[in-house]
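Peer 1:
Residue numbers (the working numbering), protein chains in the order written: chain U, -15 to 224; chain B, 729 to 1077.
(1) Within the 8 angstroms Cβ cut-off, does residue 1035 of chain B reach chain U?
(2) Using a Cβ cut-off of 9 angstroms, which residues of the segment 25 to 56 of chain U contact any Cβ in chain B, in chain order?
(3) Do the segment 974 to 991 of chain B and the segment 820 to 831 of chain B make contact, defined as three or more Cβ pairs closer than 8 angstroms?
(4) For residue 746 of chain B, which three-state DSSP category applies?
(5) Is residue 777 of chain B closer than 8 angstroms to residue 789 of chain B when the C-beta atoms are compared?
(6) What's the C-alpha gap between residue -5 of chain U and residue 38 of chain U?
(7) Quick check on the burial criterion: 16 or more other C-beta atoms within 10 angstroms. Buried or exposed for residue 967 of chain B?
(8) Check the Cβ of residue 931 of chain B against every Cβ in chain U and list those closer than 7 angstroms, keeping chain order.
(9) Can you tell which of U:6, U:213 and U:144 has the C-alpha that lies nearest to the C-alpha of residue 250 of chain U?
(10) Would you report the Cα separation of residue 886 of chain B and residue 60 of chain U, rounded to the nearest angstrom?
(11) In three-state DSSP terms, what is residue 91 of chain U?
(12) Measure the C-alpha to C-alpha separation of residue 971 of chain B and residue 842 of chain B and round it to an integer number of angstroms.
(13) Throw me the rounded Cβ distance for the residue 114 of chain U and residue 79 of chain U pair, which I believe falls under 8 angstroms.
(14) Report all residues from its chain with a CB closer than 6 angstroms to the CB of residue 186 of chain U; omit the five preceding and five following residues, and keep chain order.
(15) Identify every residue that forms a DSSP beta bridge with residue 40 of chain U.
(16) In chain order, what residues of the same chain lie with their CB nearer than 8 angstroms to the CB of residue 850 of chain B, ignoring the 5 residues before and after it?
(17) Is it the case that the segment 69 to 77 of chain U contacts the segment 929 to 941 of chain B, given that we only count it when at least three CB pairs across the two stretches are under 8 angstroms?
(18) Residue 994 of chain B and residue 1004 of chain B: beta carbons closer than 8 angstroms?
(19) Can you list the residues of chain B that residue 85 of chain U reaches, using a CB-CB cut of under 7 angstroms?
(20) Quick one: is residue 164 of chain U buried, meaning 16 or more other Cβ sit within 10 Å of its Cβ, or exposed?
(21) By the criterion of Cβ-Cβ separation under 7 angstroms, what are the contact partners of residue 935 of chain B in chain U?
(22) Please say whether residue 1041 of chain B and residue 1007 of chain B have beta carbons closer to each other than 8 angstroms?
(23) On the DSSP letters alone, give me the boundaries of the alpha helix (DSSP H) that residue 987 of chain B sits inside.
(24) Distance, Cα to Cα, residue 973 of chain B vs residue 749 of chain B?
(25) In whole angstroms, what is the alpha-carbon distance linking residue 1057 of chain B and residue 857 of chain B?
(26) DSSP on residue 201 of chain U, reduced to helix/strand/coil?
(27) Just the Cα atoms here: how many angstroms apart are residue 924 of chain B and residue 981 of chain B?
(28) Give me the Cα-Cα distance between residue 66 of chain U and residue 819 of chain B, rounded to the nearest whole angstrom.
(29) List the whole-angstrom C-beta distance separating residue 88 of chain U from residue 161 of chain U, where the pair is believed to meet the contact cut-off of C-beta under 8 angstroms.
(30) What are the residues that DSSP puts in a beta bridge with residue 8 of chain U?
(31) How would you list, in chain order, the residues of chain U whose beta-carbon sits under 8 angstroms from the beta-carbon of residue 985 of chain B?
(32) When the distance is taken between beta carbons, is residue 895 of chain B closer than 8 angstroms to residue 826 of chain B?
(33) Are residue 24 of chain U and residue 55 of chain U touching if we call contact CB-CB under 8 angstroms?
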């Protein structure tokens, strides 16, 4: 297990955004995370990546308890997230954005640049390197978000809706990219609403509802699970 | 791999971080200032030249925190004052050369910056700015209060004993040369920061602090590093000012006006760019000194009105600042699109 989440609980005031959520991710796996809006998916990411501390439970990453570490320290151990609402460094060029990521593993600007270019090629941003990040389209911003995180050389990448808003063609490209990333030995935890995409790519799927884990298993089993259909997928999905 | 970003390359391995265009600018600046310093006979014009160089240097020092890191400090007068008071007090009380006092003042300012910066970097936006203003005010009041040490509001006169070792010169040209060296030093530090990992990290935390942290950047630490460097250089400026004017007192030294002026010069010239603060200072200082000399006597405060109006015009016409606006136009003309020069590629020279 590269990551083990144990009994994660997070309150916002009186509301439990996460209730005793436990799961593990095996090294090299692609784990999908689904659930209706407000189910606690992004909160889970915030707790795993160190943006928030959980009120109870702990996060064990690569055998080390990282529950007390802040986001920068967790990133250095190889646990890196992207943001659902993308956060490009708007006034920097695309290349400079990605270099900020690659500087984590080298202080040398030349090397950081080289590695950034390589990652940009992988996600399909190669032609955009000199453009200011604020001039990018939605799909390229999503790519940039992935490229920047990937440039830090993560062991586990948490991807928060990187496929939302993409055209069908772009979606296929992104799925290819994610597979390539996994083939390089990066484990992926993917939040996604597009069921076709998440069922295709995931080896296992985790379902959250009202902050609780209601299913965890193979895509087919999860898609046929009564509780998941009631909470999220709906009858129409089953018929379709 | 040949892109427009690499073209600026670098000339010598030791100066890898200096883009060719900046190297030419530095050399050109040094040449022009040297010629002017020894050929301008009029003392007023020479004084304006010295103040231009001085403000350009201190505004560049401010730019490291205010520009690169995007933390709007309006309390840099504090570091400036620590520099001015430390070297002056050491000189008049113990006869320690201001050259040495300058370094001690720099170290002291750095230590104080660390003590103040660490807690205040948890504050974002206007709250940080308010803390910096309060900090400079507190130092001013402490200086007034510690009358036995600082002579309070009477101020300190540095005795005019010209000698190189005393950092006091008979010739104004000598001050111009020292100010030029000071400016070159701060510009080089800016150039180095811009092209290094530190510069990228400061830009990242300025643009989006949460995203920066998610990419492994300990933002509080890098803000602190920027502040320490900035405080040290600003304190050097304090000693220069004290040795040039030979009189310091709390209201002039720890003034909010001074802190605001540093920020304003950088903003007018192009905040967060290496040459912005220099351009801003070169434009604003002659305006300020000239208007004060011409209008200051006739109607007290009129120069501030003209000065303020000029400022509004510049900010409306060139909202990004002078340097980025002009650079943008030049680049469009030559078909380049980039936010700022990229660092050199390893192995290229």
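The C-beta atom is built at its ideal place from N, Cα and C for all residues, glycine as well. All values reported here derive from a predicted model rather than from experimental measurement.
Peer 2: Reading off the structure:
(1) Residue 1035 of chain B does not count as touching chain U.
(2) So the list reads 33, 34, 35, 54, 55 and 56, given in the order they occur along the chain.
(3) No, the segment 974 to 991 of chain B does not touch the segment 820 to 831 of chain B.
(4) In this structure, residue 746 of chain B counts as coil in the three-state DSSP scheme.
(5) No, these two residues do not count as a Cβ contact at 8 angstroms.
(6) Taking the straight line from one Cα to the other gives about 8 angstroms.
(7) Burial of residue 967 of chain B is indicated by the presence of at least 16 other C-beta atoms within 10 angstroms of its C-beta.
(8) Ordered by position in chain U, the residues that pass the 7 angstroms Cβ test against residue 931 of chain B are 73 and 76.
(9) Residue 250 of chain U lies beyond the residue range present for chain U, which begins at -15 and ends at 224; the question has no answer from this structure.
(10) Straight-line Cα distance between these residues: approximately 52 angstroms.
(11) In this structure, residue 91 of chain U counts as coil in the three-state DSSP scheme.
(12) Between residue 971 of chain B and residue 842 of chain B, the alpha-carbon positions lie close to 26 angstroms from each other.
(13) About 7 angstroms separates the Cβ atoms of residue 114 of chain U and residue 79 of chain U, confirming a contact at the 8 angstroms cut-off.
(14) Correct list, in chain order: 14, 16 and 203.
(15) Beta-bridge partners of residue 40 of chain U (DSSP): U:-7.
(16) Non-local beta-carbon contacts of residue 850 of chain B in its own chain, meaning distances under 8 angstroms to residues more than five positions away in sequence, involve 948 in chain order.
(17) Yes, since at least three Cβ pairs between the segment 929 to 941 of chain B and the segment 69 to 77 of chain U fall closer than 8 angstroms, the two stretches touch.
(18) Going by C-beta atoms, residue 994 of chain B is nearer than 8 angstroms to residue 1004 of chain B.
(19) Correct list: 943.
(20) The residue is exposed, with fewer than 16 neighbouring Cβ atoms inside 10 Å.
(21) Within 7 angstroms Cβ-Cβ: 73, 74, 75 and 76.
(22) No, the pair does not count as a contact, with Cβ atoms beyond the cut-off.
(23) Segment 984 to 997, the alpha helix (DSSP H) holding residue 987 of chain B.
(24) Within the model, the alpha-carbon separation for residue 973 of chain B versus residue 749 of chain B is close to 34 angstroms.
(25) The straight-line gap from Cα to Cα measures roughly 33 angstroms.
(26) DSSP, read as helix, strand or coil, puts residue 201 of chain U in strand.
(27) When the Cα atoms are used, residue 924 of chain B and residue 981 of chain B turn out to be separated by approximately 33 angstroms.
(28) Each residue's alpha carbon lies about 56 angstroms from the other.
(29) Not really, about 21 angstroms apart at Cβ, beyond 8 angstroms.
(30) According to the DSSP secondary-structure assignment, residue 8 of chain U is paired through a beta bridge with U:-12.
(31) Here the premise fails: no neighbours, minimum Cβ distance about 29 angstroms.
(32) Inclusion of residue 826 of chain B and residue 895 of chain B in the CB contact set at 8 angstroms is warranted, their separation being smaller than that value.
(33) Taking a C-beta distance under 8 angstroms as the contact criterion, residue 24 of chain U and residue 55 of chain U do not qualify as a contact pair.
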